[in-house]
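Report on one structure; see the data block that follows.
Residue numbers (the working numbering): 28 to 177.
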């Protein structure tokens, strides 16, 4: 039943953004802003679906610091969003996984907007944590934060 809901939502998403749905429905993958996004569901959780952005492997020597940054982001940023940063057990790459809820609000337009929103988060992580030069990475991962009040 949930697979049918996911297929219907993906079909509506494709109709909304003008994509050709058969391949997307078969593979359960789409590219958003240059990132692969994979859709799935968990058996026994009929009310939810999941999508995960795959955005690269951690460079050698940075793994522990990246894990710490992901933990901090999971606790401080994503706790309220049903999103979590983690590692893909098959590839070792960093993923941003988001849980969506089936329901009246889950439309093709909502999915397009949500995918674009979280793609910006994934792009930030890819650019500023995974692909940055060592000096920038060391500054970000030092834990010495300055907070500004606006």
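Backbone N, C-alpha and C fix where the C-beta goes; we use that ideal spot for every residue, glycine too. Predicted model only: the values in this text are computed from it and were never measured.
Residue nearest to residue 60 within the set 36, 155, 145 is 145 (criterion: CA-CA distance).
Residue 78 sits away from residue 120, with the two beta carbons spaced by 8 Å or more.
Per DSSP, the continuous beta strand (DSSP E) segment holding residue 82 begins and ends at 75 to 84. Given a length threshold of 3 residues, each whole run of the beta strand (DSSP E) inside the stretch 33 to 60 is given here in chain order: 56 to 59. 123 is the residue among 123, 117, 76, 75 whose C-alpha sits nearest the C-alpha of residue 98.
The C-beta separation of residue 125 from residue 109 comes to about 6 Å, placing the pair in contact by the 8 Å criterion.
The C-beta separation of residue 55 from residue 40 comes to about 12 Å, leaving the pair out of contact by the 8 Å criterion. The Cβ atoms of residue 135 and residue 72 do not sit closer than 8 Å to each other. According to DSSP, residue 114 shares a beta bridge with 121. Contact check for residue 149 and residue 62: beta-carbon distance about 5 Å, within the 8 Å limit, so the pair qualifies.
By the 16-neighbour rule on beta-carbons within 10 angstroms, residue 151 is exposed.
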